[in-house]
Each structure stands twice: as C-alpha cells, then as structure tokens.
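Visitor: Read in order, the letters of the sequence shown correspond to residues 213 to 1184 in the numbering used here.
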Amino acid sequence: MATSDSASPHPCEDRAHDARLRLLGEAVASGGLDAVELLRLSLEQAVITTAALGGAAHLVTGQDDPLHLASVVGLPRDLARPWERLGRDDPAAPARAAGTDEQLWVPASGDASDVAVLPVEGASGALSLPLRSGGGLAGVLTLFTLRPPDEEQRRALRRLGATVGEGLARAPGPVTGVVPWWQESSSRLSEAMAAINVATWELDLTEPNGRLDVDDTGFDVIARAAGIEPEEWDGRLDTWMRRVHPDDLPGVLEQMQASITHPGKVYAVEYRVTNPKTGRVSWVELRGHVSYGPGGEPLRMTGTGWDTTTSRMTEQVVERILRHLTDPVLIVDPADSWRVVYANATVTRLGPHDATELVGRVPWDAIPELRGAGQHFEEARHSDEPVVVDLRVREWWQRLRVIRADRYVVVFLTDVTEEVDTARAEAARTERVEAVTAALSQALTTEDVVDAVAAQLLAPLEADGVLIYSLDRGRLRLVGNVGYPAEAVRRVAHLDGDPSLLDAQPRFFGSREEFASACPPALGELARAGGEDAWAVLPLVAGGHRTGSLLVSFARPRTWTGGDESMLLALSGLVAQALERARLYDEEHDRAQRWQRAWLPALEDDLPALDAAARYRSAGGEEAGGDWYEIIPLSGERVALVIGDVAGHGLREATIMARLRSASAALAILDLDPEEMLLFLTEITARLVAELDDATDPFDRRLVSCLYAVYDPTNGELAMASAGHLPPVIVPPGGRPHHPDVTTGPPLGFDQTPYEASQLVLPPDSLLVLYTDGLIATAATDPDTGMRRLTDTLAGLTGGPDHPAEGDGAGRLAALCDAVMDALPHEERRTRDDAALLAVSLHRIPADRIASWELPLEAASARKARALTGEQLARWGLEDLVMTAELVVSELIGNTVRHASAPLRLRLIHSTTLIIEVYDGSEATPRVRHAALMDESGRGLNLIRTATAHWGTRYTANGKVVWAQLPLDAQL
C-alpha cells in the first residue's frame, strides 16, 4: 500500500494531470457550474494533483470583502470552522495569500493555538493558491500537504489556477449569496466530478458490517478495479475489502482505524485492488474524514476516490504487452538515465530474485550482461522500427526486441536457447511442495514437524531417512529423525558446528564414500552402518538466520538434477519455517509460566494490620495455571485477602486469572463487602468465559472459585465470603488449627445467586492460612483428607516455639510456608494442579491509638469536633497536624450536618498515617464538583482532596463513613 508520501511522482502523472485539466476545462466551458461549485471541483483536482491530505476553498465576492469558506475536501467539517470567514488582515494562510499573486507556503508550527494553518494531523504545512479573474481576486485554494510542494506541482497548480480563474470570471454567483460550506454539493457538481472520474463515497460506521455507499462514478471504479458490477454490489465494506491486495490490506485497515480513533486525522491511502475475473491489479486513491456524534462516537466516513492506475503505468501499453507476450518485459525511461519503470514477473529468470528489484534501477546494474545493449536502446529511442539483437544473459541466450512506445522504450526478451522445460516435472514438484506446506502448516510442536516430514517427504522422494538438527550456540542438536533406530542416532545426537553441516549452500552426495569423507566421522559411520548411498545436506534458514540442517538419505545411488536440488532446497525452507514456529510455540508456553509468576503480587511489608508470606507451585512445570492470591489495602487500615483458582492450564486460564485479579483490585477501591465483591466478580467471570470460550475446547465455568475476606485491625473482625472455594485455616495463638464455618456459594460465573458473608472476631496475632485445592487434593487423596492433613501439618509447625508471634514478621511466615510445602509426601508433590498458599499473621491496632466520639447532628458539632481533634492529636504528639486535621474534620462534620442524618460519629486512628473517619446514617455519597465563582458551596471536598493524601467513602450497615488520610508529616 502507498500513502500520499510513499513515492515520487510517477512518469505518467503529467499526462494524467493534463487529461484531468482538459476535462475540468470542459466542465468550466459548459457554463453549468456556479462559482461555489466550480471552486469545489477545482479543489478536488488540486488535492489529486498534489496528493494532499485535504483542502479548503474560499470565495471572494468583492475586492475588499472577506473570504468566505465555500468548500472543504478530505477534512472534518468542525476542523475547518475557524476559517469560515476570514478578514483580509487575518493571519490565516488563505488571507495572507489573498494579498499576493503567487502561491504561498506556510509551514505548520505545531502550536494548536496558531490559526495560520489548521491542525491537520500529518500535514507539514499549507499551500494557498490565489485565483485571479479579470484582474481581481475571485477565490483562494488551500491544500494541506505532507511536504512543501516541488516545482512540478507548483507549475501544475498555476495551470489549474489559470483555468479556474477564467471560469470564475464567467461563472454565476450562488443564488442566495455565498453557499454555506457545510451544504452538500449540487447535482451539477456531481456531474462535473464524474466527468473527471472522481467518485464520492460514504461508509456508515454504525452498521455492524459497515455499509458502503458510492455514487455512479464509484460504481465505475468498483466494476473496473474489483470486477463487481452494480447489480452484484451488496453495499458491504467486507465485499470491497476482499478485493484489496493482500499485501496492502493490513495497511489499509490500520489507516482506517487510525482515522476513526484520532478525530481530525484525514484518511488518505493509495492501494492496489484485484479483479478476480480478469486477474488485473488496479490502483485507487481515497481521501476522507470521519463524522462523530454528540457523544464522540464515530458515525460515518465520507470522502472521494479515483482510479490512479494510469498515473502509475500507462494501462494501454501494459495491457498490449501482457496480452501478447509472457516472456520477460522491461519498460525503461530514457529521460531518467534509462531507469526501469516496469518489469514483469518473469524477469526473475535473468537473475533478480523479484521484479521489484529492477524498478528504479538501470537495467545493466541488476543484469550486467545487458550493458552491451545500451547502444541498441539509444538506437530504438530515435527509430520507429524495433531494434533486434541477441545477447547471452547468464547461461541462456536472449533475443532482445527494443521498441519505442511514446516517451518510453520497451524491451522484450525471449529465450532462444530452445532449452526444453519439463512442465510435468515442475508441476509434480509444485504439488509436492504444496502437500508438504499444508502438512507443516498444521504442525505445532517439533514432534509434529518430524511426523509431517516423515509422512510427506520420504515416500514421494523415495528417501529412507531424515535427520533434523537445530543450531544452538554453535552446536547442532538432533531434534528429530525418521528411519534410524534410537541406538544408531545416539552417537550423532550432538555435533560440533562442523563447516560441512553449516555451509549456507545445499550439498548433494551421490555415494556414501563421498558423504563420509566430507562430513563428521560420526555421520560417516552412520552412513556406512545404515547402507545409504546418497545424501542431501540442506541448510535450514528462517528469518534470514541459519537455524539448523536437514539431512536426507537414500538407499540407492542417485544422480542429482537441477530440479531435484531446487525442490529439496524449497522443502528445507518449509521445514525451517515450521521448526521456527514450533520453537516459538514452545517459547510461548515458557513465557506463560513466567507470566504466571509475574502476575502474582509482591506482598507489601508495611501493612500495620498483618504480616504475610505466600508461595506458588506450578503443576509439574506444565502450562500456566489459574491460581492467584492478593492482599489489597483498604481504608481505615483494613485489608482485603483474596485467593482464587481458575481450573485448568493454558493461556486462556491464565488470562482469566489475571483479569479477575485486576478486577478484584479495581473493585476494592469501592470498599465493597465480601458478598458484594463476589457478585461483581461472578458477572465479570461470566463475560470473560463467554469472550474466551472455544466450542472445540469448552471452558468449565463451574470451576472458577474464589474466597474474599476483609480484616479490620481496629476490632479484629474478619468477614469472609466464598464462591466455591475451600475454607481457610485459623490458628489462634496457642490454639489448635481449625477450619471455620464459612457459607460456600456457587463458583464464579455460574449464576447470580447472592453470596452470604461469615463474620468472625479473631484474637490478636492469629494466623490465617488461605490456599487452593492443588495444595491438598491429589489423584490419591480427596479434599476432606487433604484438609485434615493440612491442619495436622500446621498444628505440628505452630505448636512449638516456631509459632509466628507478634514481631516475628514475614520472615517467620515465609519459613512456615516453605515447611508446609515440604511437609507433603514426595510422591504427592507430583500433582496435576497448581497450588497457592497465603499465610497472614493478623495484628490489632492498640486501643490507645484509636479515639471515637458520638456527636449531635447540629452545626455546633463542627466546633466541638475541632476541639476534640486538637486535644487528641496533642496527646499523640502530632501537634504539627492539628491545623490540617481540624480543617478536614470541620469540613467533614459540616457536610454531614448539612447533607446527612444521625447518628454522627467521629473516629481518629493513629497508625502509619492519621486516619479521620466521620460516620453518619445516610447512604448519600458526597461528590466533588467544581464550584462557580459566585457559588456559596461546593468547595469543601476540594479542600479535603487538596489537604489529604487520600479520601473516600464506604458504606456501613447503618449508613456510610467518609474517611481521609493525612501523612504524619503533613502540614498546611
């Protein structure tokens, strides 16, 4: 695909511009267009001529009158609105050009406030062209281009300006003055655009499949370029996209998506379109912009388009050549140092790997043997008769027929060596390569590749054995073999990087002696022992890099032909690509394991509510699993403890796990109760399963479990809710480990049944152990047995001096987790499931660090609360926080008295931060808003937001609490 900045002007562009200018002149001479319509038509022509991103046209009705915006092309309408009316002294580019007789180039400054050039994305500046008629100014065309115009483009615009200026002198003005620039074009303008073969189109972005509407000229383009007749056109975008050349389609879609997602970006592309009926490839160029709804949603993309095939290649000449000849053809431009402007695909017979290698180069630079034909090229340039000469090119003789065709010289090359090409053998080789290609495309692992080679190569080639080596750090490692016993290949499983096996060129041996003398001794012994008489050593190259070697052996002596060698080399390329895909497949699963561990959180070590340690064990090193755990700090020094298990292994399960973990962390900001959190997670799980489910590999949604708990260190309360997850283990200080009674609800994503939370009050420094079923359930044990074994293990580990008492910290808990993992019998560690273990030691905030007061719901409570806060902070030695804390308390109490209901309570917590909490009986949530200049309210929460590190709201059983956190070093 080519965008407007991808190539220099084509040699045929002048002729195409002349043709369009002639048609424009005919439209002007017809007298059927008014001034606004003529400006719109000339703007379309100017955009095409300069390959601009878009443009604007201004009309001038009087010598000193302002400039009125009459038309825009390729730009969003809102973008051009600042230029709707420009005074003569305006700094905008059109107004500045109005005072001159020459074209004016104004570079873009990059400053959005600069009105000299509209902020068109991708444009380097604006080129304004004044239009003169009868000695006075009639209008201005402005083009937004990717780069400053060259002299050829300026010359073409001067000719266009002269033609349009003459037309404006004769054209009638609009019936009602200057037509608003946002109005649609009239039918006369549409007819004029059709005359110069400019189509208009509209894509409805609100339709699921995108409805594409075109005008009559568009139907002509579709029929000619894509082979779709008007009666066959179904109006679907997909129908058109299926005709886009496969090499250009990704870029076309990328440009379309960029234009939709970046308001103001012009859709400007030029790409190839295929006609399956004729096999012809055409070029089309499109310009368009996107319109958006009130909410910013994209509604439609509208624009213009035209067939640019003739500007890239003289279509009649190419069709005449390709219709009669299938031999190599070159078209060269004498005016450009004989550089090639076209080469057909068969020119690769002469040496170049691809025809595109020749385009833009002098022929004899790519094919040195043609250097002697330069004088014949010059002779044909000045002759009406073809010049014929025979030359030897590589190992073949070629007959050159050199013919002048307009400004170009066409060179036909015909093979006159009469060397017989065996078409049947070539077809058989192609069929064989296609079969191998199809088989290897289905291979995922290295073993699959070896199996495909065995099935598709040995019998058709009458081969007896295959050795496939992978190159790893200069050594060859055997990754697969066919036709050899395991004992025989053990000695050749690893080979040093022998030059005979790492040669970039394929090597073919007709006898075992020849092979044994040229290759490593171990392979020579294998050949003599196996009795093979012919060998082929082929390089494996993928992505331009040597990846290994492919050795094919034959039981009988073989005479190698050029066809055999090329076919084997092609097959080795297919095998190399398949092995590279298999390697990437293996790496993908290795990455999945690394991602699994990267997704698991790093536990915070500064939470006053607890100390924690965790361990994760994958299922025997297989695919990534779905076990996860999380510790999430909440308001009021509370913490949420989460553990979950997505059954199964693989990227899908790991993806669900990661997204559920992210969802729980995000939802925790809302300070939801455990039962509410699980309701949200079950809805998210249902959507994830529906999104990622595969009919060929259905996901069992009943096996996504989760336990969500919230611990409050101010009173020791632990609230838990379970979605099909195993209950935790609680070890009170000096007590026996046990499983608490937890009401278990359905697994996540199964249904919307409400969950029920269980409430516990734990003594300080209790140990809480959360885990997944992979820790306790194996193929030999059921969950109940595993749970008993876990409690027994914990009893043995915590009953003595190793019990994690206050002050032991995360280090003792980490040792406990390791001991629990190691305490399982060795044979049971070979489980079929992942295992996650989270151990936390729960602490209490000392009572003397918490202060609480009940207050009446009256205005005087704010003053009382300030006094209580100041006294309490003085007792805690936090005098530096008094002013800030009193401000926050006053605002929170005042808002509560004004907007909430009783009971009113103030609580202060001295922890790692100073926490201020105001409780009330209302469920109304305070919201921050921007107060106007004269508003008497609306600033309190903004003050709180500014003065505190964090603030928020959470609901309680009887209302809500508004809280705020102050760093201990905070000051006003």
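Ideal placement from N, C-alpha and C gives every residue a C-beta, glycine not left out.
For A794, which residues of its own chain have a beta-carbon under 6 Å away from its beta-carbon, when the five flanking residues on both sides are left out?
Guide: The residue given as residue 794 occupies position 582 in the sequence shown. Closer than 6 Å at Cβ, skipping near neighbours: T657, T658, V661.
Visitor: Just to confirm before moving on: does the CB-CB distance between D857 and D839 stay below 9 Å?
Guide: Here residue 857 refers to the residue found at position 645 of the sequence shown. Here residue 839 refers to the residue found at position 627 of the sequence shown. Closer than 9 Å, so yes.
Visitor: Does DSSP put H757 in a helix, a strand or coil?
Guide: Taking the first residue of the sequence shown as position 1, residue 757 is located at position 545. In the three-state scheme derived from DSSP, where H, G and I count as helix and E and B as strand, H757 is classed as strand.
Visitor: Can you give the Cα-Cα distance for R611 and L570, rounded to whole angstroms?
Guide: Position 399 of the sequence shown, counted from the start, is the residue given in the question as residue 611. Position 358 of the sequence shown, counted from the start, is the residue given in the question as residue 570. Rounded to the nearest angstrom, the two C-alpha atoms are 19 Å apart.
Visitor: Assign Q469 to one of two classes, buried (16 or more other C-beta atoms within 10 Å of its C-beta) or exposed (fewer than that).
Guide: Counting from one through the sequence shown, the residue named residue 469 turns up at place 257. Q469 should be labelled exposed.
Visitor: Look at the Cβ atom of G760, then the Cβ atom of A788, and state whether they are nearer than 9 Å.
Guide: Within the sequence shown, residue 760 is the residue found at index 548, counting from 1. Within the sequence shown, residue 788 is the residue found at index 576, counting from 1. Yes. Within cutoff.
Visitor: Is it true that the CB of S1123 sits closer than 9 Å to the CB of E849?
Guide: Position 637 of the sequence shown holds residue 849. Position 911 of the sequence shown holds residue 1123. Yes, they are a contact pair.
Visitor: Could you tell me the alpha carbon to alpha carbon distance between Q275 and E591, rounded to whole angstroms?
Guide: Working through the sequence shown from its first residue, we reach residue 275 at position 63. Working through the sequence shown from its first residue, we reach residue 591 at position 379. Their backbone Cα atoms lie some 58 Å apart in a straight line.
Visitor: Please classify K1172: does DSSP put it in a helix, a strand, or coil?
Guide: Along the sequence shown, read from residue 1 onward, the residue named residue 1172 stands at position 960. Here K1172 sits in strand by DSSP.
Visitor: What are the start and end residues of each continuous alpha helix (DSSP H) run of 4 or more residues lying completely inside the region 668-698, in chain order?
Guide: 670-673
Visitor: Tell me whether the beta-carbon of A350 lies closer than 9 Å to the beta-carbon of A381.
Guide: If you number the sequence shown from 1, residue 350 lands on position 138. If you number the sequence shown from 1, residue 381 lands on position 169. In contact: A350 and A381 (Cβ atoms closer than 9 Å).
Visitor: Judging by CA-CA distance, which residue of G373, L358, S340 is the nearest neighbour of L250?
Guide: Against the sequence shown, residue 250 aligns to sequence position 38. Considering only alpha carbons, the answer is G373.
Visitor: In terms of residues, what are the limits of the alpha helix (DSSP H) holding Q1084?
Guide: Translated into positions along the sequence shown, residue 1084 becomes position 872. 1072-1087 is the span of the alpha helix (DSSP H), which, as asked, contains Q1084.
Visitor: State buried or exposed for K489, treating a residue as buried only when at least 16 other CB atoms are found within 10 Å of its CB.
Guide: Mapped onto the sequence shown, residue 489 falls at position 277. By the 10 Å Cβ count, K489 comes out exposed.
Visitor: Relative to the alpha-carbon of E597, which residue among S784, A585, I615 has its alpha-carbon at the smallest distance?
Guide: The residue you call residue 597 lines up with position 385 of the sequence shown. Considering only alpha carbons, the answer is I615.
Visitor: If we call anything under 9 Å between Cβ atoms a contact, is R551 one with V574?
Guide: Walking along the sequence shown from the start, residue 551 turns up at place 339. Walking along the sequence shown from the start, residue 574 turns up at place 362. Yes. Within cutoff.
Visitor: What did DSSP end up calling V284 once you bin it into helix, strand or coil?
Guide: As a working note, residue 284 is residue 72 in the sequence shown. Looking at V284 - three-state DSSP - the assignment turns out to be strand.
Visitor: Below 7 Å CB to CB, which residues in the same chain sit around L819 once its five sequence neighbours on both sides are set aside?
Guide: Position 607 of the sequence shown holds residue 819. Once the five neighbours on either side are set aside, the close Cβ partners of L819 are P845, V851.
Visitor: Count the other CB atoms, across all protein chains shown, that sit within 10 Å of the CB of P540; report buried if there are 16 or more and exposed otherwise.
Guide: Locating residue 540 in the sequence shown gives position 328, counting from the first residue. When all chains shown are included, P540 counts as buried.
Visitor: Out of curiosity, what's the CA-to-CA distance linking C731 and L652?
Guide: Within the sequence shown, residue 731 is the residue found at index 519, counting from 1. Within the sequence shown, residue 652 is the residue found at index 440, counting from 1. Rounded to the nearest angstrom, the two C-alpha atoms are 28 Å apart.
Visitor: Applying the criterion that 16 or more other CB atoms from any shown protein chain within 10 Å of the CB defines a buried residue, is V981 buried or exposed?
Guide: The residue you call residue 981 lines up with position 769 of the sequence shown. The residue is buried, with at least 16 neighbouring Cβ atoms inside 10 Å.
Visitor: Is the region 357-364 touching the region 277-297 in the sense that three or more CB pairs, one from each, lie closer than 8 Å?
Guide: no
Visitor: Let me confirm a value: V1140 is counted as buried when at least 16 other C-beta atoms fall within 10 Å, else exposed. Which label applies?
Guide: Taking the sequence shown and counting its residues from 1, the one referred to as residue 1140 is at position 928. When all chains shown are included, V1140 counts as exposed.
Visitor: For G266, which residues of its own chain have a beta-carbon under 6 Å away from its beta-carbon, when the five flanking residues on both sides are left out?
Guide: In the sequence shown, counting from the first residue as 1, residue 266 sits at position 54. Closer than 6 Å at Cβ, skipping near neighbours: V285, G286, L287, F356, V478.
Visitor: If V854 and S876 are in contact, beta carbons under 8 Å, what's the gap, nearest whole angstrom?
Guide: As a working note, residue 854 is residue 642 in the sequence shown. As a working note, residue 876 is residue 664 in the sequence shown. The Cβ separation is near 5 Å, so the contact holds.
Visitor: Going by DSSP in three states, T657 sits in which element: helix, strand or coil?
Guide: The residue labelled residue 657 in the question sits at position 445 within the sequence shown. Coil.
Visitor: Count the other CB atoms within 10 Å of the CB of N1107; is the residue buried (16 or more) or exposed (fewer)?
Guide: On the sequence shown, residue 1107 is found 895 positions in, with the first residue counted as 1. Classification of N1107: buried, given that the 10 Å Cβ count is 16 or more.
Visitor: Count the other CB atoms, across all protein chains shown, that sit within 10 Å of the CB of Q1177; report buried if there are 16 or more and exposed otherwise.
Guide: For the purposes of this step, residue 1177 is identified with residue 965 of the sequence shown, where counting begins at 1. Buried is the call here.
Visitor: For R370, which beta-bridge partners are listed by DSSP?
Guide: Against the sequence shown, residue 370 aligns to sequence position 158. For R370, which the question treats as bridged, DSSP gives no partner whatsoever.
Visitor: Just reading off the beta strand (DSSP E) that G1008 is part of, what are its end residues?
Guide: On the sequence shown, residue 1008 is found 796 positions in, with the first residue counted as 1. G1008 -> not in any beta strand (DSSP E); alpha helix (DSSP H) instead, spanning 995-1010.
Visitor: Note down the Cα distance separating P392 from L316, rounded to an integer number of angstroms.
Guide: In the sequence shown, counting from the first residue as 1, residue 392 sits at position 180. In the sequence shown, counting from the first residue as 1, residue 316 sits at position 104. Note on P392: pLDDT 40, under 50, position unreliable in the model; no value is reported.
Visitor: Any heavy atom of the ligand SAM within a distance shorter than 8 Å of the CB on T261?
Guide: The model on display carries no ligand, and the ligand SAM is accordingly not part of it.
Visitor: Do you know offhand how far A1035's Cα is from L812's?
Guide: As a working note, residue 1035 is residue 823 in the sequence shown. As a working note, residue 812 is residue 600 in the sequence shown. Those two C-alpha atoms are separated by around 23 Å.
Visitor: Counting C-beta neighbours from all protein chains within 10 Å, is the total for V973 16 or more, i.e. buried, or is it exposed?
Guide: The residue you call residue 973 lines up with position 761 of the sequence shown. It is exposed - the Cβ of V973 has fewer than 16 other Cβ atoms within 10 Å.
Visitor: Check each candidate in Y554, P975, W609, Q654 and name the one with the smallest Cα separation from V621.
Guide: Locating residue 621 in the sequence shown gives position 409, where the first residue counts as 1. Checked all of Y554, P975, W609, Q654; the closest Cα to V621 is Y554.
Visitor: So for H457, helix, strand or coil by DSSP?
Guide: To locate residue 457, count along the sequence shown from 1; it is residue 245. Here H457 sits in coil by DSSP.
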